[in-house]
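Peer 1: Numbering (this note's numbering), first residue to last: 981 to 1342.
Note that beta-carbon positions come from the ideal geometry of N, C-alpha and C, so glycine has one too.
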Amino acid sequence: DWREDGIVYTWYRRPYNRRVPTQRQLELQQQLQPIQGEPPPTPQMLNPKQTQLSELGELILIRCFQSLPINDRFNMEHVSRLFQSASKRSWNIHKHVVVPPASLKKGTYSIDIRYLFRLLMKRCARYCLTLQINSMLKQDRIFRLLHLGYKVECLQLESLDQICGSELEEIGGRLPNLKILIIIKCKFHTNTINGFNLMLEQFKRLIVFAVGRCANFRFAIGNIRRQAPNITMLTIECRSLDVVNQVQDFEHLKVLSLHYSPILDDVITPDLFPVNFSQQLKALELFVVSENFIAMRFRPEFFPQLEHIKFDIIENPTTNYNTILGQLVEFPALRSISLGVYTRKKKLICRAEYLNFCEKIV
């Protein structure tokens, strides 16, 4: 459009897309609401009538810092006091927090890893629901700061070396409302049984417990059933038949996932999966089983409430899959079957989908 002053003005209509939050997003937003009396973790939208000119620069920095990765935010804190204040106020609410961040490669941290752990717990884990701690040495992790994540319901420990009894006690004392505990590829001291007991005694709401490829863990599993009677979902990956026998003592178990050495003919014993244990299961996942085990143990009268079953069988050209499936479809409550041939694929506990699966159970 031409104006009298000779300047050409062009008007563009911006597209307007209304974003209506879903019910799941509204529920998550309600869960992540901060406690009354505390400042909100993210700044409010700018109001031209209330925003002072002296605060405008810091508010603009806050918006800029929100687009930076975690490592860059920590680097900017050392530039000036204004940058430090803006960086502290720029943290968004995260449902899932990983310590240290997956985007940072090991050995490339710009600050001390112990100091990084402290900052991440103070800035990120305060309002998160899932906290994941990966590949941290014993001298770098500070488990006494776990109480900062007061809303954490799921804790995942992965690739931690030399977990001692005092650290387990810190987990139980700092996160009493924990619902899901996942431990993968960690190494325990042989004298951590007492620490395991004290940790589990403090968990009043723990219902999901998963352990995979943890050294020296088989010495502690015998105490879990006595100290955490409310566990309804158990996932264990251990190459010991004693572990399989010990899981039968869980009274309220509904979901069982076992990954250990294949269940072959010489492993079948009369007390393996007794009737009183199998009748309450609703989901069962095994590693490798033999055809004889299927014929002897996978009976409808043994699993009246079983809804989901998953297992692998050893590859054999003479295997009649119709006979196996015909035996399984007679289960009265069965809803899904996953039958595979033995391969060296990743276990469920090592996949990212395991957290989503646990959240649905909870």
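(1) For I1162 and R1315, I'd like the C-alpha separation in whole angstroms.
(2) Using DSSP with H/G/I as helix, E/B as strand and the rest coil, what is A1263?
(3) For P1312, is the classification buried or exposed, using 16 other Cβ atoms within 10 angstroms of its Cβ as the cut-off for buried?
(4) Is it buried or exposed, Q1112, if we count other Cβ atoms within 10 angstroms and call 16 or more buried?
(5) Can you give the Cα-Cα distance for R1279 and V1223, rounded to whole angstroms?
(6) Can you give me the Cβ contacts of N1174 inside the same chain, cut-off strictly under 7 Å, excluding the 5 residues immediately before and after it?
(7) Just to check my reading of the structure: I1289 and V1268 have Cβ atoms closer than 8 Å, yes? What is that Cβ distance to the nearest angstrom?
(8) Could you give the first and the last residue of the continuous alpha helix (DSSP H) run that contains A1066?
(9) Would you say F1183 and P1156 are within 8 Å of each other, going by their C-beta atoms?
(10) Whose C-alpha, out of K1159, I1216, F1273, L1062, is nearest the C-alpha of G1037?
(11) Hey, I1216 and V1191: beta-carbon distance below 8 Å or not?
(12) Does DSSP put E1138 in a helix, a strand or coil?
(13) Kindly indicate which residue of F1257, L1261, E1265, Y1301 has the alpha-carbon position closest to the one of A1275.
(14) By DSSP, does Y1322 sit in helix, in strand, or in coil?
(15) Suppose contacts are defined by Cβ-Cβ distances below 8 Å. Is V1077 in contact with A1105 by that definition?
(16) With burial defined as no fewer than 16 other Cβ atoms inside 10 Å of the residue's Cβ, what is the status of C1044: buried or exposed?
(17) What do you reckon, are the CB atoms on F1186 and L1214 nearer than 8 Å?
(18) Kindly identify the DSSP beta-bridge partner or partners of I1143.
(19) Count the other C-beta atoms from every protein chain shown that fall within 10 angstroms of the C-beta of R1124, then say buried if there are 16 or more, exposed otherwise.
(20) For K1262, which residues of its own chain have a beta-carbon under 6 Å away from its beta-carbon, when the five flanking residues on both sides are left out?
(21) One question on the structure: do S1258 and F1291 come within less than 8 Å of each other, judged by their Cβ atoms?
(22) For M1179, which of G1153, R1098, F1097 has the nearest alpha-carbon?
(23) Quick check: what's the CA-CA separation for Q936 versus S1070?
(24) Identify the continuous alpha helix (DSSP H) that holds S1258 and give its terminal residues.
(25) Which residue's Cα is closest to the Cα of K1167: E1147, L1158, I1160?
(26) Between which two residues does the beta strand (DSSP E) carrying E1181 extend?
(27) In the structure shown, what three-state DSSP assignment does L1314 receive?
(28) Give me the Cβ distance between M1116 and L1140, rounded to the nearest whole Å; I'm assuming they're in contact under 8 Å.
(29) Please state whether DSSP places G1192 in a helix, a strand or coil.
(30) Between which two residues does the beta strand (DSSP E) containing F1291 stretch?
(31) Relative to the alpha-carbon of N1225, which residue among M1056, F1253, T1212, I1040 has its alpha-carbon at the smallest distance?
Peer 2: Walking through what the data contain:
(1) Numbered from its first residue, the sequence shown carries residue 1162 at position 182. Numbered from its first residue, the sequence shown carries residue 1315 at position 335. Each residue's Cα considered, the two are about 27 Å apart.
(2) As a position in the sequence shown, residue 1263 is number 283, starting the count at 1. Of the three classes helix, strand and coil, the one that applies to A1263 here is strand, per DSSP.
(3) Along the sequence shown, one-based indexing puts residue 1312 at 332. Taking all protein chains shown into account, P1312 has fewer than 16 neighbouring C-beta atoms within 10 Å of its C-beta and is therefore exposed.
(4) The sequence position of residue 1112 within the sequence shown is 132, counting from 1. In the assembly as shown, Q1112 is a buried residue. Its beta-carbon has 16 or more other beta-carbons within 10 Å.
(5) Position 299 of the sequence shown, counted from the start, is the residue given in the question as residue 1279. Position 243 of the sequence shown, counted from the start, is the residue given in the question as residue 1223. Looking at the backbone, the Cα of R1279 and that of V1223 are separated by about 23 Å.
(6) Position 194 of the sequence shown, counting from 1, holds the residue named residue 1174. Once the five neighbours on either side are set aside, the close Cβ partners of N1174 are G1145.
(7) Looking up residue 1289 in the sequence shown gives position 309. Looking up residue 1268 in the sequence shown gives position 288. Rounded, the Cβ-Cβ distance is 14 Å, inconsistent with contact.
(8) On the sequence shown, position 86 is the one that residue 1066 refers to. Going by DSSP, A1066 is part of the alpha helix (DSSP H) stretching over 1061-1068.
(9) Start at 1 with the first residue of the sequence shown, and residue 1183 comes out as number 203. Start at 1 with the first residue of the sequence shown, and residue 1156 comes out as number 176. Between F1183 and P1156, the gap from beta carbon to beta carbon is short of 8 Å.
(10) Position 57 of the sequence shown, counting from 1, holds the residue named residue 1037. Of all alpha-carbon atoms in K1159, I1216, F1273, L1062, the one lying nearest the alpha-carbon of G1037 is that of L1062.
(11) The residue you call residue 1216 lines up with position 236 of the sequence shown. The residue you call residue 1191 lines up with position 211 of the sequence shown. With respect to V1191, I1216 sits close: the two C-beta atoms are nearer than 8 Å.
(12) Against the sequence shown, residue 1138 aligns to sequence position 158. In the three-state DSSP reduction, E1138 falls in the strand class (E or B).
(13) To locate residue 1275, count along the sequence shown from 1; it is residue 295. Checked all of F1257, L1261, E1265, Y1301; the closest Cα to A1275 is Y1301.
(14) Here residue 1322 corresponds to residue number 342 of the sequence shown, with the count starting at 1. If DSSP states are grouped into helix, strand and coil, Y1322 belongs with coil.
(15) Position 97 of the sequence shown, counted from the first residue, corresponds to residue 1077. Position 125 of the sequence shown, counted from the first residue, corresponds to residue 1105. One thing to note: V1077 has its Cβ within 8 Å of the Cβ of A1105.
(16) As a first step, residue 1044 must be located in the sequence shown, where it is residue number 64. Exposed, by the Cβ-count rule.
(17) As a working note, residue 1186 is residue 206 in the sequence shown. As a working note, residue 1214 is residue 234 in the sequence shown. Here residue 1186 turns out to be Leu, not Phe, going by the sequence shown. Going by C-beta atoms, L1186 is not nearer than 8 Å to L1214.
(18) To locate residue 1143, count along the sequence shown from 1; it is residue 163. In DSSP, I1143 forms a bridge with F1168.
(19) As a position in the sequence shown, residue 1124 is number 144, starting the count at 1. Counting Cβ neighbours within 10 Å, R1124 comes out exposed, since fewer than 16 surround it.
(20) On the sequence shown, position 282 is the one that residue 1262 refers to. Answer for K1262: K1234, Q1285, E1287, listed in chain order.
(21) In the sequence shown, residue 1258 corresponds to position 278, counting from 1. In the sequence shown, residue 1291 corresponds to position 311, counting from 1. With respect to the 8 Å criterion, S1258 and F1291 are not classified as neighbours on the basis of their beta carbons.
(22) As a working note, residue 1179 is residue 199 in the sequence shown. Its Cα nearest to that of M1179, the residue G1153 stands out among G1153, R1098, F1097.
(23) The first residue shown for the chain is 981 and the last is 1342, placing residue 936 beyond what the model contains.
(24) For the purposes of this step, residue 1258 is identified with residue 278 of the sequence shown, where counting begins at 1. The continuous alpha helix (DSSP H) containing S1258 extends over residues 1255-1258.
(25) Along the sequence shown, read from residue 1 onward, the residue named residue 1167 stands at position 187. Of the residues E1147, L1158, I1160, the one whose Cα lies closest to the Cα of K1167 is E1147.
(26) Start at 1 with the first residue of the sequence shown, and residue 1181 comes out as number 201. DSSP places E1181 outside any beta strand (DSSP E); the residue lies instead in the alpha helix (DSSP H), whose first and last residues are 1173-1182.
(27) Residue numbering aside, residue 1314 sits at position 334 when the sequence shown is read from its first letter. Coil at L1314, not helix or strand.
(28) Translated into the one-based positions of the sequence shown, residue 1116 becomes position 136. Translated into the one-based positions of the sequence shown, residue 1140 becomes position 160. About 6 Å; that satisfies the 8 Å criterion.
(29) Residue 1192 sits at position 212 when you count from the first residue of the sequence shown. When secondary structure is reduced to three states using DSSP, G1192 falls in the strand class.
(30) Translated into positions along the sequence shown, residue 1291 becomes position 311. 1288-1293 is the span of the beta strand (DSSP E), which, as asked, contains F1291.
(31) On the sequence shown, residue 1225 is found 245 positions in, with the first residue counted as 1. Closest by alpha carbon: F1253.
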